[in-house]
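What follows is a single structure, written as structure tokens, with notes after it.
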Amino acid sequence: MKPNMSLKKNPMPSQDPKVRARNFKEVALGYDEAVAIDEALRCLECKNPACVAGCPVNIRIPEFIKKVKEGDFEGAYNVISETSSLPAVCGRVCPQETQCEAKCVRGIKGEPVGIGRLERFVADWHNAHSEKTPECAAPNGKKVAVVGSGPSGLTCAGDLAKKGFEVTVFEALHLAGGVLVYGIPEFRLPKKIVGQEIENLKAMGVKLETNIIIGKTLTVDELFDMGFEAVFIGSGAGLPRFMGIPGESLKGVYSANEYLTRSNLMKSYENEPVTPIMKGGRVVVVGGGNVAMDAARTALRLGAEKVYIVYRRSMDELPARREEVEHAIEEGVEFKLLNNPVEIIGFNNPDDPRDPKNGFVTGMKCIRMELGEPDEKGRRRPIEVPDSEFLLEVDTVIMSIGTSPNPLIKTTTEGLEVNRHGGIIVEEVSGKTSRDGVYAGGDAVTGAATVISAMGAGKLAARSIAEFLLK
Amino acid sequence: MYRIVSKKLLNPTVCMMEIEAPFVAKKAEPGQFIILRVDESGERIPLTVAGFDREKGTVKIIFQIVGATTLKLNALSEGDFIQDFAGPLGVATRVEGLRKVLIIGGGVGCAIALPIAEKLSANGCEVTSVIGFRSKELLILEDEFKAVSDKLFVMTDDGSYGERGNVCVPVSRILSEGERFDEVIVIGPLIMMKFAVEAVRPYGIPCTVSMNPIMIDGTGMCGGCRLSLNRDGEKVIKFACVDGPDFNGYEVDFDEAMSRSAMYRDFERHAYEETCNLFKKKGVNK
Chain A
2 MKPNMSLKKN
12 PMPSQDPKVR
22 ARNFKEVALG
32 YDEAVAIDEA
42 LRCLECKNPA
52 CVAGCPVNIR
62 IPEFIKKVKE
72 GDFEGAYNVI
82 SETSSLPAVC
92 GRVCPQETQC
102 EAKCVRGIKG
112 EPVGIGRLER
122 FVADWHNAHS
132 EKTPECAAPN
142 GKKVAVVGSG
152 PSGLTCAGDL
162 AKKGFEVTVF
172 EALHLAGGVL
182 VYGIPEFRLP
192 KKIVGQEIEN
202 LKAMGVKLET
212 NIIIGKTLTV
222 DELFDMGFEA
232 VFIGSGAGLP
242 RFMGIPGESL
252 KGVYSANEYL
262 TRSNLMKSYE
272 NEPVTPIMKG
282 GRVVVVGGGN
292 VAMDAARTAL
302 RLGAEKVYIV
312 YRRSMDELPA
322 RREEVEHAIE
332 EGVEFKLLNN
342 PVEIIGFNNP
352 DDPRDPKNGF
362 VTGMKCIRME
372 LGEPDEKGRR
382 RPIEVPDSEF
392 LLEVDTVIMS
402 IGTSPNPLIK
412 TTTEGLEVNR
422 HGGIIVEEVS
432 GKTSRDGVYA
442 GGDAVTGAAT
452 VISAMGAGKL
462 AARSIAEFLL
472 K
Chain B
32 MYRIVSKKLL
42 NPTVCMMEIE
52 APFVAKKAEP
62 GQFIILRVDE
72 SGERIPLTVA
82 GFDREKGTVK
92 IIFQIVGATT
102 LKLNALSEGD
112 FIQDFAGPLG
122 VATRVEGLRK
132 VLIIGGGVGC
142 AIALPIAEKL
152 SANGCEVTSV
162 IGFRSKELLI
172 LEDEFKAVSD
182 KLFVMTDDGS
192 YGERGNVCVP
202 VSRILSEGER
212 FDEVIVIGPL
222 IMMKFAVEAV
232 RPYGIPCTVS
242 MNPIMIDGTG
252 MCGGCRLSLN
262 RDGEKVIKFA
272 CVDGPDFNGY
282 EVDFDEAMSR
292 SAMYRDFERH
302 AYEETCNLFK
312 KKGVNK
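Line by line, the protein sequences are chains A and B. Here the numbering used here is used: the first sequence runs in plain steps of one and ends on residue 472. Here the numbering used here is used: the second sequence runs in plain steps of one and ends on residue 317.
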């Protein structure tokens, strides 16, 4: 087969920005078989593939792409699923541009191979055409508990199940998936996809217990008493941060976690929702990460007439994925860069303390910033420009400035060491915590990071747990 | 799924249910709460634990029928199942070392105050209880309070039962007569807690209140339940689900909490009316 030497990736078919900004259907529509094969033909099958090293779970990328070239999509799926438990998810939410695709030789002159798009295609093809689940080793009789059903927990569970362990995943919420279901919106990651990946795990024998809050309903020690021989903690990032400025308790101020949880997990975006959310009006999101982009784009789809992003640095420092930022701009989100909130203003009728409008947000006061000298991390420090305050008239404010770790597990697990930020301390090479038989990974260890890095940590821990229990 | 083992209406607007939830029953302590969803498309609501039976594996909840979800919950019968029931969440009420306590309960808040009174009484603590209701029809749990209280004052706003007036009347009287307590525990509507705290404040007795703000996950993740404390002149934000639900009553910003609790009032009223109409059409008994 002749390689496709086009310098550009096959574009991803997407909903028109004007249309999609008002619906919750998936933005990117995915390749069809012909386009997938054409894109696969751009891969040169390097002898020493740099892309594999760039993938946190080391998917054998040229190998699966070769199968796509041959039209053997199920074969391609088998290659991916040997190392990744959630390919349909990763193909959608991984920051490929800084990982596998950043290392692709085709990217030196032109665009890299669309590895993420191909991964997504393969996973979707499998889910649409095949009932087959990955093969698992014979049961080895050993029980492992996984705390949290987000990306790290699901990956760890899947890998252990493949190795023959009896795995039970404990989830605090009523629905499995963690951030994949409460955080990442439908238009970026349809819940059906997450559901399918979880069904795949169940078919492999993984048990799922919802409504169990480890640290409250059961403690880590009780899990050992119940016969589990190892525990993986992937409990996620935790408590939302606020800025500490006046007005943050006014009605109409949300954490991004709350806003997204209402919309995604509780389905407030539906026509007749049972869980309320403030819709429409003017919305400002504070922060520049992927979560901020998700919140801003959700606000548009909930009917906002205007959505701003306020971020204290410039476009160059914006931590969100480029693609998400571009999507947000295309859809009409206005970026107010080099600005920082100083106060949120609420309605107050001095003549009538019972006025129902009292206490609702009417605006956010911001101050302009400029970039000064680089800080210890090399990022230029934002400095306030004196006397540059201005008012942004808004009805809803969404704070998306990060999270701090959840105290529920550490306060009820004796001997589990955490760092000064509250993250669980683990050995980098194994994911092992200070407690024997207890492993951890994902945001509970690192603080807010990416889905794929959490999956990498879940994978590492699964390997360590297998070594620990089978030695 | 979690089975409703028993159901009883305590008054026309307050319902008691025992739910089979062995894991929760094993751990629950007075002052903690659970989160439930009635059905697969339901909202998550927090309810404070009103009792538990560790051997039977059941947890008691007592709720006022105020909104769409509690209306739907009340439409279920003994033997029916509710979709989700998770807990126990929050920090249990601190009772250790207390020898003499004044408990103030208002309305359905009495349901949460009772297990605390029971636990204190079982620990050998001297308990004085003041419970208040709008009128005689709304009175609940009088006998249960009588059983665990050394002294009991029953108040109704309209004087249709017990003494006429709100809970602050006997509280101010007892305290001004010189009686002292190790702690005062107040549980009820926000406005009642606000005034009860003010009635106690001049005497400097430690005063705990139980907050019940709007919540989603109940595990610290959403921050919707945040409230402001005024701690030595500085504003501190706390999350009721993981830091509470009990707080130092002298520090709580009740006005802000009341404002926040009304954030979705229009939506809630609409949802309640819709559900009422739906039930009427279907002929569901209340």
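Virtual Cβ for every residue (Gly too), placed ideally from N, Cα, C.
> If you draw a straight line from the C-alpha of residue 220 (chain B) to the C-alpha of residue 137 (chain B), how long is it?
Replying inline: Approximately 7 Å, taken between the alpha carbons.
> Can you round the beta-carbon distance between residue 61 (chain B) and residue 147 (chain B) to whole angstroms, since I take them to be within the 8 Å contact cut?
Replying inline: Rounded, the Cβ-Cβ distance is 4 Å, consistent with contact.
>> On the DSSP letters alone, give me the boundaries of the alpha helix (DSSP H) that residue 101 (chain B) sits inside.
In response: That run of the alpha helix (DSSP H) goes 99 to 105.
>> Once DSSP output is grouped into helix, strand and coil, what is the label at residue 217 (chain B)?
In response: In the structure shown, the three-state DSSP call for residue 217 (chain B) is strand.
> Three-state secondary structure (DSSP) at residue 364 (chain A)?
Replying inline: Correct three-state label for residue 364 (chain A): strand.
> How many angstroms separate the CA atom of residue 102 (chain B) from the CA atom of residue 306 (chain B)?
Replying inline: The alpha-carbon atoms of residue 102 (chain B) and residue 306 (chain B) are separated by roughly 8 Å.
> residue 69 (chain A) to residue 215 (chain A), Cα distance in whole Å?
Replying inline: So the alpha carbons of these two residues sit roughly 42 Å apart.
> Does any CB atom of chain B fall closer than 7 Å to the CB of residue 241 (chain A)?
Replying inline: Answer yes: the Cβ-Cβ gap between residue 241 (chain A) and chain B drops below 7 Å somewhere.
> With distances taken from CA atoms, which of B:188, B:253 and B:39 is nearest residue 180 (chain A)?
Replying inline: By alpha-carbon distance to residue 180 (chain A), the top candidate from B:188, B:253 and B:39 is B:253.
> Should residue 132 (chain A) be labelled buried (16 or more other beta-carbon atoms within 10 Å of its own) or exposed?
Replying inline: Around the beta-carbon of residue 132 (chain A), fewer than 16 other beta-carbon atoms lie within 10 Å, marking it exposed.
> If you measure from the beta carbon of residue 232 (chain A) to each beta carbon in chain B, is any gap under 7 Å?
Replying inline: Answer no: the Cβ-Cβ gap between residue 232 (chain A) and chain B never drops below 7 Å.
>> Nearest by alpha-carbon distance to residue 405 (chain A): which of A:121, A:239, A:72 and A:393 is it?
In response: Closest by alpha carbon: A:239.
>> I want to verify the contact list: residues of chain B whose CB lies under 7 Å from the CB of residue 252 (chain A), in sequence order.
In response: By Cβ distance, chain B contributes 290, 291 and 294.
>> Checking the sheet assignment: what are the DSSP bridge partners for residue 169 (chain A)?
In response: In the DSSP output, where bridge partners are listed per residue, residue 169 (chain A) has A:146 and A:208.
>> Between which two residues does the alpha helix (DSSP H) holding residue 68 (chain B) run?
In response: Per DSSP, residue 68 (chain B) belongs to no alpha helix (DSSP H); it is in the beta strand (DSSP E), 64 to 68.
> If you compare alpha carbons, which of A:54, A:152, A:60 and A:300 is closest to residue 94 (chain A)?
Replying inline: Closest option to residue 94 (chain A), Cα to Cα, is A:152.
>> At a CB distance below 7 Å, what residues from the segment 245 to 270 of chain B approach chain A? Give them in sequence order.
In response: Identification of residues in the segment 245 to 270 of chain B having a C-beta nearer than 7 Å to some C-beta of chain A yields 247, 248, 250, 251, 252, 253, 254, 255, 257, 259, 268 and 270, given in sequence order.
>> For residue 82 (chain B), count the other beta carbons within 10 Å of its own beta carbon; 16 or more makes it buried, fewer makes it exposed. Which is it?
In response: By the 10 Å Cβ count, residue 82 (chain B) comes out buried.
>> 7 Å is my cut-off, CB to CB: does residue 153 (chain B) come that close to chain D?
In response: Absent from the structure: chain D. Protein chains present are A and B.
> Buried or exposed: residue 190 (chain B), going by 16 or more other Cβ atoms within 10 Å of its Cβ?
Replying inline: Around the beta carbon of residue 190 (chain B), a 10 Å sphere encloses fewer than 16 other beta carbons of the protein chains shown; the residue is thus reported as exposed.
> Grouping DSSP H, G and I as helix and E and B as strand, with all else coil, what is residue 154 (chain A)?
Replying inline: The answer is helix: DSSP assigns residue 154 (chain A) an H, G or I state.
>> Between the alpha carbons of residue 205 (chain A) and residue 135 (chain A), how many angstroms are there, rounded?
In response: Approximately 7 Å, taken between the alpha carbons.
>> I need the straight-line Cα distance from residue 285 (chain A) to residue 398 (chain A), nearest angstrom please.
In response: Going by the C-alpha atoms only, they are around 5 Å apart.
> Residue ranges of each alpha helix (DSSP H) run of no fewer than 4 residues wholly in the segment 87 to 114 of chain A, ordered along the chain?
Replying inline: The qualifying runs are 88 to 94 and 101 to 104.
> When we look at the beta-carbon of residue 391 (chain A) and count the other beta-carbons within 10 Å, is it buried (16 or more) or exposed?
Replying inline: With fewer than 16 other Cβ atoms from the protein chains shown falling within 10 Å of its own Cβ, residue 391 (chain A) counts as exposed.
>> Here's the rule: buried if 16 or more other CB atoms are within 10 angstroms of the residue's CB, otherwise exposed. What is residue 68 (chain B)?
In response: By the 16-neighbour rule on beta-carbons within 10 angstroms, residue 68 (chain B) is buried.
>> If distances are taken between C-alpha atoms only, which option among A:221, A:428, A:400 and A:331 comes closest to residue 411 (chain A)?
In response: The shortest C-alpha to C-alpha distance from residue 411 (chain A) to any of A:221, A:428, A:400 and A:331 is the one to A:221.
>> On a Cα-Cα basis, can you pick out the residue from A:414, A:165 and A:273 that is closest to residue 142 (chain A)?
In response: When each option's Cα is compared against that of residue 142 (chain A), the closest is A:165.
>> Taking the beta carbon of residue 189 (chain A) as the centre, do at least 16 other beta carbons fall within 10 Å, making it buried, or is it exposed?
In response: Flag for residue 189 (chain A) reads buried.
>> Can you confirm whether residue 148 (chain A), when its beta carbon is compared against all beta carbons of chain B, has any partner nearer than 7 Å?
In response: Chain B contact via Cβ: absent.
>> Whole angstroms are fine: how far does the CA of residue 164 (chain B) sit from the CA of residue 317 (chain B)?
In response: In this prediction, residue 317 (chain B) scores a pLDDT of 46, lower than 50, which makes its location untrustworthy; no coordinate-derived value is stated.
>> Below 8 Å on the Cβ atoms is my contact criterion, and I expect residue 32 (chain A) with residue 118 (chain A) to pass it. Report the Cβ-Cβ distance as a whole number of Å.
In response: Yes, residue 32 (chain A) and residue 118 (chain A) are in contact; Cβ-Cβ is about 6 Å, under 8 Å.
>> Output needed in chain order: residues of the segment 115 to 130 of chain B with a Cβ under 8 Å from some Cβ in chain A.
In response: Cβ contacts with chain A: 115, 116, 117, 118, 119 and 120.
> For residue 18 (chain A) versus residue 331 (chain A), is the C-beta spacing smaller than 7 Å?
Replying inline: Yes, the Cβ-Cβ distance between residue 18 (chain A) and residue 331 (chain A) is below 7 Å.
> So does the segment 253 to 262 of chain B actually touch the segment 230 to 248 of chain A, counting three or more Cβ pairs closer than 8 Å?
Replying inline: With three or more CB-CB distances shorter than 8 Å, the segment 253 to 262 of chain B counts as touching the segment 230 to 248 of chain A.
>> Checking the sheet assignment: what are the DSSP bridge partners for residue 338 (chain A)?
In response: Residue 338 (chain A) is bridged to A:312.
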